[in-house]
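J.: This is the structure I want to talk about, given as structure tokens.
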Amino acid sequence: MKRNILLVDWCCMCFADVEYGFWRVINWWSPVYVVVQKAELRKKEWRYCVNSLMNSPAELEHLLQSHPEIVDAAVIPYPDEEAGQVPIAFVVRQPQSSLGEAEIIDFVAKQVFLVKHFIAMDRSWMKITNRRSREYLDGVQQFLNFASNHAHLDGTISCPCKNCVHTNSWPIDVVKAHLVSKGICRGYNPWVFNGESSSAKTSTEIPNSHVQENPIEYADLRDMLHDMFPIQDMAYGPTGEVPSVHQPTEGPSEGPNEDALLFMKLLEDANQPCYEGCKHFSKLSAIVHLYHMKCLNGWTNKSFTMLLEFLLDFLPSNAKLPKDCYEAKKIIKDLGLSYEKIHACPKDCILYWKDNANLEACLNCNLSRWKSNESKGQQSTIASSKRRKKKAAKILRWFPLKPRLKRLFMSPETANHMKWHANGRVNDGLMSHPADSEAWKSFDSKYIEFSSEPRNVRLGLAADGFNPYGNMSTSHSTWPVILIPYNLPPWMCMKRSNFMLSLLIPGPTSPGNDIDVYLQPLVEELKELWDVGVETFDVSSKKSFQMHAALLWTINDFPAYGDISGWSTKGDLACPSCNYDSQSRWLRYGRKFSYIGHRRFLDSDHKFRKQKKSFDGHVDMRSAPITVSGGEIMLQTDAIADHVFGKKKVNLTNKRKRGEEALTVWKKRSIFFTLPYWEDHVLRHNLDVMHIEKNVVDNIIGTLLNLDGKTKDNLKARQDLKDMGIRSGLHLEKVGNDQTRMPHACYHMNASEKDGFLQVLKNVRVPDGYSSNISRCIKLKERKISGMKSHDNHILMQQLFPIAIRGSLPPEVSRSLIDLSCFFREICSKVLNVEELGALEKRVAVTLCELERIFPPSFFTVMVHLVIHLASEAKVAGPVHYRWMYPIERYLSRLKSYVHNKTYPEGSIAEGYIAEECLTFCSRYFKSVETAFNRPVRNVEESMGAVVSITLDSNSWIQAHRYVLFNCEEITPFRDIHIAEIKANFPFHVTDDVIQKQHIEEFCSWFREYVMSMDASKRNELSDKVRWFARYPDNEAKRFKRYVINGLKFRTKDFETTRKTQNSGVCVITEGGATYYGVLIDIIELNYSDKYRYVLFKCQWADVISGRGCKKDDFGFPLVNFSRLIHTGDRLIDEPYVLATQASQVFYVEDVRHKDWMVVVKTKPREVFDVGIEAVDDDEEVDTYMENVPYNVTTDDACDDANDNHAWARVDEEGTIYDTPLISEDELLEQDFIDDEELVDDVYEFNDDESNDDESSDDDSSGEDSS
């Protein structure tokens, strides 16, 4: 058969038809198969033929490698080859090539071979009129999957809907919407406009098509079953055939074991079609998919049952679906893991477990194990009592750990990652993961046998209570105990899908100090995992190994810290880190402890140590407390090692005089000390940065704004100052008989200062995804802030508070508070440096001492004091993101969503967790449906929204092209040549500015002429990019209103005028280190004849060159003024454009107190992990908030100018007059006794339902915020 062969020379790109001897026109939509030398086979429309990739047959690559005179080659198939319409092939040759006709024909034959092997597709769905049917929707998805492989460079495809009929190209999601809503145009076969050969045969033309008999879901579930039952997989083989249970076998005749029977049953369901003729789902896959959608979207059991009933009526009568939710759950349970119910004493004395399993009443309190069967006002007869089933008064739900750890090695998605800490981590001296920490390394060095197996699991434990009803008027506290596997890499470690619920401790009351009773099953299992281990099959190595596990530490808020550790976190020795060396002072008027005395953490020669008046009236030369070891704690708790648990009656006579120490601060010896390795840990319990930061913010905001019930500066606080004999300028003054004057302190803000402070916060507009809308919490009329959630406090403290406080307080007060803010920002960094943490540890001691000089002792609750220990804990344990409560609180919110039966909240949570745990494992094998692992990220890379075609004006065209040239390394030698020519043309010496100006004005045209004037051989030696750049870009460009690049979403200033977020801030840092700040006004895509495309941002740039539009204030905050620009962008020499890839994002905070000047705040994209390797894209739920970049704020050591005569009172304010009489000395004597069970409400503030704080930031709407 003859072939039309087009011989093409590289430079002229002319096409001649050899056989017919005339020029031939190739339609732009003609499909072209292109081979590039030593590269891949490419297939695309002719106009894009050199830009899309497809795997190349080895023989074609070999052909090109053996014939270097062939540069490029391609074939254009004809519609009907058998009728004589043969393909047209063309070959791009090197000049003066000796390529023979036989070699060309051989090459063409191989091209046609490729065309014939193009996979046929099923088109039957195109004739279906019901566009909501499963077959039609699957067909649309099949078409889109095919077309997406042949999309245009901008990601669009030709739309075959009845309205567009290939006249428009749209993004894939738009084409999908068109096909579903309008239908596909009639007769579109083959799909020539979407990349298919016009000679391709469809499945309707070929009886034996290549379409798989079982779709991907069939194979995926079979793979999952083989991973779940590796032993049965080896016994029965990978074929998926189910052997008969009754089939005779050699050897013992016991028959298959329980696991084998379950495997065979599930495998049979996985191979059985959902109904006769169903090609897409098996019985098992259909049920799993449906139940997965139920869990993912929060459907109720009732709604799911209704859906199943409808499907059974809708589908053929032989459909094998469960009739209701109950039957579906039974099938799902076979794929999942179970849990055990353990009865507990209602007073938390014992578990009816192991030796106590058969008891009828508690050994300690004699309370019955069972609920009473008697109804109110009625007595049950003996007969009715016998008929009724006994119900346990309290039930602990235990989710065994061993099978859940084994599942981490069953799935290929997680098995390899479980060794990341040993094989994938980079030892660069920084801490970005717990494996980099001293605590991890110290444990490894002591237990070498454990650490020698990288698959041994390190765990963290988190426990907290929440109200499952979400109604604070209903008192109920349920306590989940959650385990976190730390072997996983940073982008997986703290994800909800990898958390393991271990225990569910029932309400209605908190277990408190008796939580150890409920921890017994978990601790017993941890002992077994340490001593014996469990045999585990590793799917990544296809081998079994003996897996061991160890508990590293616990994560709790501060009250739960006390319950877990056994240390009393209230009273005079409330700090567990300081232990018995805690420093506190009882405030007689405020009736609470003040945790001052931070001077002992300073260097021994620090000036503050000898100052009296500024602190508590004494010199403090003591050394800092030493962290106690596990062995020392064992000695301290020897006397209470056999503590008897259970709720006891409060002894009302157990009172002691204030100042008398209790016998011991320990309430018990923690059950974790029964673990063989627990006392050897460097850190056993973590202080929670999240709640500490929240309480510090509450103290600061409440005091500065003088909020009722929140301020720490009140009449009692001032009387305590007098009682301590310090700061006489702030003592109360009696006015008349019943009135008292309170002088205003240096941190007091008057009405106008409060207005300025709050107005800054009210006007803040942050980038999309940065945080919630904090402005809603600002009440300007009432001059207060209320309704902030935990993450709002986090953003306020670390980013917005320092900006707002400028100008509202004296510099020495502002500087100390800003320094505290900087401390929290640095301690919350995702990557920590041990040396920098050492400096931070010293700096925070100075900061707290400065605050002691400013605020009254009542300000220093234990939560403020705990700040002093955060840096030292970070040095030992690594980044706080693995040790704080943000991800745990969001997980508790997820558990709360499982409660559909409010009569049995813990039962609902357990069943919901078991189902989601099962489907989380199954969904790792689903590729064709949306799961928690393949959901699209919030900011899809290079998404641009609506696209508009524009014609660039001459100035913009040259400016954009010039910027592309000036930022291309391959153009740099040509720039040097041009500058040298300019210098040579001047007969006298000129300044660099003159030369640079001429270079900017003339380079584009000079560069084009220079390249075009080169002879052909030299021009061929140039890179492809240089030759295309010399031709200028098209003056037709695309305009976007928004664009996502590097994980950051940008929008033009005009586009976001009506929005509450700000995404138009742009920052560019040059190679020389100069930083430019701009506002995005336009986004364009520059097109070099479809060969190269560049997205550029056009901005208004603040004048940072002369300094008119940029400066730093006294605290080091960068300020910009966009009324003072570098240029307007109207002149040809102006440079308003930057490449989108060069832009980082900032946002600007307007300060009404400084007209036209705005503070710059830098951000980083979320889900970016610095682990010494390439950035990793997360394929699961993402963190909810973006990360902030620490300020480079100047916080000079205020103690350099400090003296012991600080100006504590404001001299420009008269003070406030109160009608309240002062507390007398006689009244104090009556209050001078303390009950050991007394709670001091002002010590720390926590909501029992703290998980509500971050419901808006739940992963389904993923800190954790990412700060």
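Take the position in the sequence shown, starting the count at 1, then add 25; the result is the number in this note's numbering. Backbone N, C-alpha and C fix where the C-beta goes; we use that ideal spot for every residue, glycine too.
Which residues in the same chain as Asn1060 place their Cβ atom closer than 7 Å to its Cβ, once the five residues preceding and following it in sequence are excluded?
T.: Here residue 1060 refers to the residue found at position 1035 when the sequence shown is read from its first residue. Excluding residues within five positions, the ones whose Cβ falls inside 7 Å are Thr976, Leu977 and Trp982.
J.: Alpha carbon to alpha carbon, how far is Cys802 from Ile810?
T.: On the sequence shown, position 777 is the one that residue 802 refers to. On the sequence shown, position 785 is the one that residue 810 refers to. In a straight line, the C-alpha of Cys802 is about 6 Å away from that of Ile810.
J.: Quick check on the DSSP output: the alpha helix (DSSP H) that includes Lys471 runs from which residue to which?
T.: Numbered from its first residue, the sequence shown carries residue 471 at position 446. Its alpha helix (DSSP H) spans residues Glu463 to Lys471.
J.: Express the C-alpha separation of Arg483 and Leu250 in angstroms, rounding to a whole number.
T.: Taking the sequence shown and counting its residues from 1, the one referred to as residue 250 is at position 225. Taking the sequence shown and counting its residues from 1, the one referred to as residue 483 is at position 458. Going from the Cα of Leu250 to the Cα of Arg483 covers about 27 Å.
J.: With a threshold of 7 Å on Cβ separation, who are the neighbours of Asp1307 within its own chain once the five nearest residues in sequence on each side are excluded?
T.: Nothing about residue 1307 can be reported from this structure: the residues present for the chain run from 26 to 1292 only.
J.: Where does the unbroken alpha helix (DSSP H) through Val1177 begin, and where does it stop?
T.: If you number the sequence shown from 1, residue 1177 lands on position 1152. Element bounds for Val1177: n/a, residue is neither H nor E.
J.: Just how far apart, CA to CA, sit Met318 and Ala440?
T.: Indexing the sequence shown from 1 puts residue 318 at position 293. Indexing the sequence shown from 1 puts residue 440 at position 415. Near 26 Å, if we compare the C-alpha coordinates of Ala440 and Met318.
J.: Is there contact between the stretch 805–825 and the stretch 1125–1132, where contact requires at least three CB pairs shorter than 8 Å?
T.: No contact exists between the stretch 805–825 and the stretch 1125–1132.
J.: Report the three-state DSSP secondary structure of Ser1169 (helix, strand or coil).
T.: On the sequence shown, residue 1169 is found 1144 positions in, with the first residue counted as 1. In the structure shown, Ser1169 sits in a strand (DSSP, three-state: E or B).
J.: What are the boundary residues of the alpha helix (DSSP H) that includes Tyr1035?
T.: Start at 1 with the first residue of the sequence shown, and residue 1035 comes out as number 1010. Asp1017 to Met1037 is the span of the alpha helix (DSSP H), which, as asked, contains Tyr1035.
J.: Just curious, the alpha helix (DSSP H) that Asp780 is in, first and last residue?
T.: In the sequence shown, residue 780 corresponds to position 755, counting from 1. First-last of the alpha helix (DSSP H) with Asp780: Ala776 to Lys787.
J.: Residues in its own chain within less than 6 Å of Pro836 by CB, not counting five upstream and five downstream?
T.: For this step, residue 836 is matched to residue 811 along the sequence shown. None.
J.: Starting from Pro196, follow its DSSP beta bridges and name the residues at the other end.
T.: By one-based count along the sequence shown, residue 196 stands at place 171. Thr181, per the DSSP bridge assignment.
J.: With distances taken from CA atoms, which of His458, Pro341, Pro479 and Val564 is nearest Glu438?
T.: The count along the sequence shown starts at 1 and reaches residue 438 at position 413. Of the candidates His458, Pro341, Pro479 and Val564, the one whose C-alpha sits nearest the C-alpha of Glu438 is Val564.
J.: What does Ala1234 pair with, by DSSP beta-bridge criteria?
T.: Taking the first residue of the sequence shown as position 1, residue 1234 is located at position 1209. The partner list for Ala1234 (beta bridge, DSSP) reads Ala770.
J.: Alpha carbon to alpha carbon, how far is Leu292 from Pro263? Give it in angstroms, no decimals.
T.: Start at 1 with the first residue of the sequence shown, and residue 263 comes out as number 238. Start at 1 with the first residue of the sequence shown, and residue 292 comes out as number 267. Confidence at Pro263 is low in this model, with a pLDDT of 41, below 50, so the placement of that residue is unreliable and no value is reported for it.
J.: For my contact list, Val901 and Ser194 are in at a C-beta cut-off of 8 Å; report their separation, rounded to the angstrom.
T.: Residue 901 sits at position 876 when you count from the first residue of the sequence shown. Residue 194 sits at position 169 when you count from the first residue of the sequence shown. About 57 Å separates the two Cβ atoms, so there is no contact after all.
J.: CA-CA distance, Ser457 and His906?
T.: Start at 1 with the first residue of the sequence shown, and residue 457 comes out as number 432. Start at 1 with the first residue of the sequence shown, and residue 906 comes out as number 881. Distance between the alpha carbons of Ser457 and His906 is about 9 Å.
J.: Which term fits Met1037, buried or exposed, when burial requires 16 or more other beta carbons within 10 angstroms of its beta carbon?
T.: For the purposes of this step, residue 1037 is taken as residue 1012 along the sequence shown, with counting starting at 1. Met1037 comes out exposed.
J.: Could you check where the beta strand (DSSP E) with Ala935 kicks off and where it finishes?
T.: Sequence index remark: in the sequence shown, residue 935 carries index 910 (1-based). Where Ala935 is concerned, there is no enclosing beta strand (DSSP E), although the alpha helix (DSSP H) it sits in stretches over Pro930 to Ser948.
J.: Can you give me the Cβ contacts of Val838 inside the same chain, cut-off strictly under 8 Å, excluding the 5 residues immediately before and after it?
T.: Residue mapping note: residue 838 aligns to position 813 of the sequence shown, counting from 1. Cβ neighbours of Val838 beyond the five flanking positions: Cys771, Tyr772 and Ile879.
J.: Going residue by residue through the stretch 295–382, where are the continuous beta strand (DSSP E) segments of at least 3 residues, counting only ones entirely within it?
T.: Taking only runs of at least 3 residues, the beta strand (DSSP E) segments lying wholly in the stretch 295–382 are 365–369.
J.: Could you round the C-beta distance between Leu612 and Leu1247 to whole angstroms and report it? I think they count as a contact, below 8 Å.
T.: As a first step, residue 612 is located in the sequence shown; it is residue number 587 there, counting from the start. As a first step, residue 1247 is located in the sequence shown; it is residue number 1222 there, counting from the start. Their Cβ separation, rounded to whole angstroms, is 15 Å, which puts Leu612 and Leu1247 out of contact at 8 Å.
J.: So the alpha helix (DSSP H) Met572 belongs to, where does it begin and stop?
T.: The residue you call residue 572 lines up with position 547 of the sequence shown. Run containing Met572: none in the alpha helix (DSSP H); it sits in the beta strand (DSSP E), Lys568 to Met572.
J.: What does a CB cutoff of less than 6 Å around Lys735 pick up in its chain, not counting 5 residues either side in sequence?
T.: As a working note, residue 735 is residue 710 in the sequence shown. Taken in chain order, the residues that qualify are Gly727.
J.: Do you know whose CA, among Lys354, Lys358 and Pro998, lies nearest Leu287's CA?
T.: To locate residue 287, count along the sequence shown from 1; it is residue 262. Cα-wise, what sits closest to Leu287 is Lys358.
J.: Distance check for Leu712 and Tyr511, CA to CA, integer angstroms please.
T.: Translated into the one-based positions of the sequence shown, residue 511 becomes position 486. Translated into the one-based positions of the sequence shown, residue 712 becomes position 687. Tyr511 and Leu712: Cα-Cα distance of roughly 18 Å.
J.: Which residue marks the beginning of the alpha helix (DSSP H) containing Arg743, and which one marks its end?
T.: Locating residue 743 in the sequence shown gives position 718, where the first residue counts as 1. It spans Leu740 to Met749 - the alpha helix (DSSP H) in which Arg743 sits, taken as one unbroken run.
J.: Exposed or buried, what is His314 when buried is set at 16 or more other beta-carbons lying within 10 Å of its beta-carbon?
T.: Taking the first residue of the sequence shown as position 1, residue 314 is located at position 289. Answer is buried; the Cβ neighbour count reaches 16.
J.: Tell me, which residues are paired with Cys603 by DSSP?
T.: Within the sequence shown, residue 603 is the residue found at index 578, counting from 1. Cys603 is not bridged to any residue.
J.: Output needed for Asn604: all residues of its chain with C-beta closer than 6 Å, excluding positions within five of it in sequence on either side, in chain order.
T.: For the purposes of this step, residue 604 is taken as residue 579 along the sequence shown, with counting starting at 1. Cβ neighbours of Asn604 beyond the five flanking positions: Val653.
J.: Can you give me the start and stop residues for the beta strand (DSSP E) that Lys1063 sits inside?
T.: In the sequence shown, counting from the first residue as 1, residue 1063 sits at position 1038. Residues Glu1061 to Phe1065.
J.: Would you tell me roughly how many angstroms separate the C-alpha atoms of Trp592 and Ser393, rounded to the nearest one?
T.: Within the sequence shown, the letter at position 567 stands for residue 592. Within the sequence shown, the letter at position 368 stands for residue 393. Those two C-alpha atoms are separated by around 31 Å.
J.: For the pair the stretch 546–556 and the stretch 619–629, tell me if three or more CB-CB distances fall below 8 Å.
T.: Output reads no: the stretch 619–629 does not touch the stretch 546–556.
J.: What does the alpha-carbon distance come out to for the pair Thr928 and Lys692?
T.: Along the sequence shown, one-based indexing puts residue 928 at 903. Along the sequence shown, one-based indexing puts residue 692 at 667. Those two C-alpha atoms are separated by around 34 Å.
J.: Around the C-beta of Asp738, are 16 or more other C-beta atoms found within 10 angstroms, so that it is buried, or is it exposed?
T.: The residue labelled residue 738 in the question sits at position 713 within the sequence shown. So Asp738 counts as buried.
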